[in-house]
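In UniProt numbering, the protein residues as written are 1 to 100.
Heads up, the beta-carbon is just placed ideally off N, CA and C, and yes, glycines get one too.
Nothing here was measured: the structure is a model prediction, and the numbers come from that model.
One structure is given below, encoded as structure tokens.
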Amino acid sequence: MSFWKRKRATASARHILVPDRAQCEALKAEIEAGADFAELARKHSTCPSASKGGDLGEFRERQMVKEFNDVVFSAELHTVHGPVKTQFGYHLIEITARNK
Numbered sequence: 001m002s003f004w005k006r007k008r009a010t011a012s013a014r015h016i017l018v019p020d021r022a023q024c025e026a027l028k029a030e031i032e033a034g035a036d037f038a039e040l041a042r043k044h045s046t047c048p049s050a051s052k053g054g055d056l057g058e059f060r061e062r063q064m065v066k067e068f069n070d071v072v073f074s075a076e077l078h079t080v081h082g083p084v085k086t087q088f089g090y091h092l093i094e095i096t097a098r099n100k
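Pasting the structure below:
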């Protein structure tokens with residue numbers, strides 16, 4: 001099978017995107033204290049996915065920017081990771097599923 005026809009890994013994740021690290025760290029602390037990830041995403045995230053509680057649905061490996069991709073395709077599932085800095089700002093990421 002050629003490289004181009006090989007099936008790439010997929011994942012599903014949700015995230016909260018904010019403009020600065022301090023806000024990202026504060027939101028992570030709220031989640032760790034028991035706050036609902038989806039509610040915080042709806043209230044604070046600057047990404048259009050905020051209306052869906054930060055849910056990005058399923059996507060392929062290398063479909064997202066490198067920093068985001070590296071976390072989603074290597075870190076532990078069902079754990080909030082971040083702050084992760086990208087060109088868009090700072091993310092909190094929860095990987096909800098992954099298939100390699």
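Next item on the list: Would you decide whether V65 is buried or exposed? Buried here means 16 or more other CB atoms lie within 10 Å of its CB.
Entry: exposed
Check: Which residues bound the beta strand (DSSP E) around V84?
Finding: Residue range 80-86 is occupied by the beta strand (DSSP E) that includes V84.
Notebook entry, point to check: For E61, does the three-state DSSP call read helix, strand or coil?
Noted result: Three-state DSSP puts E61 in coil, outside helix and strand.
Next item on the list: State the Cα-Cα distance for the pair A29 and A9, rounded to the nearest angstrom.
Entry: Their backbone Cα atoms lie some 30 Å apart in a straight line.
Item checked: C-beta contact flag for H15 and I93 at 8 Å -> yes
Notebook entry, point to check: With a Cβ-Cβ cutoff of 8 Å, do V84 and A11 count as a contact?
Noted result: no
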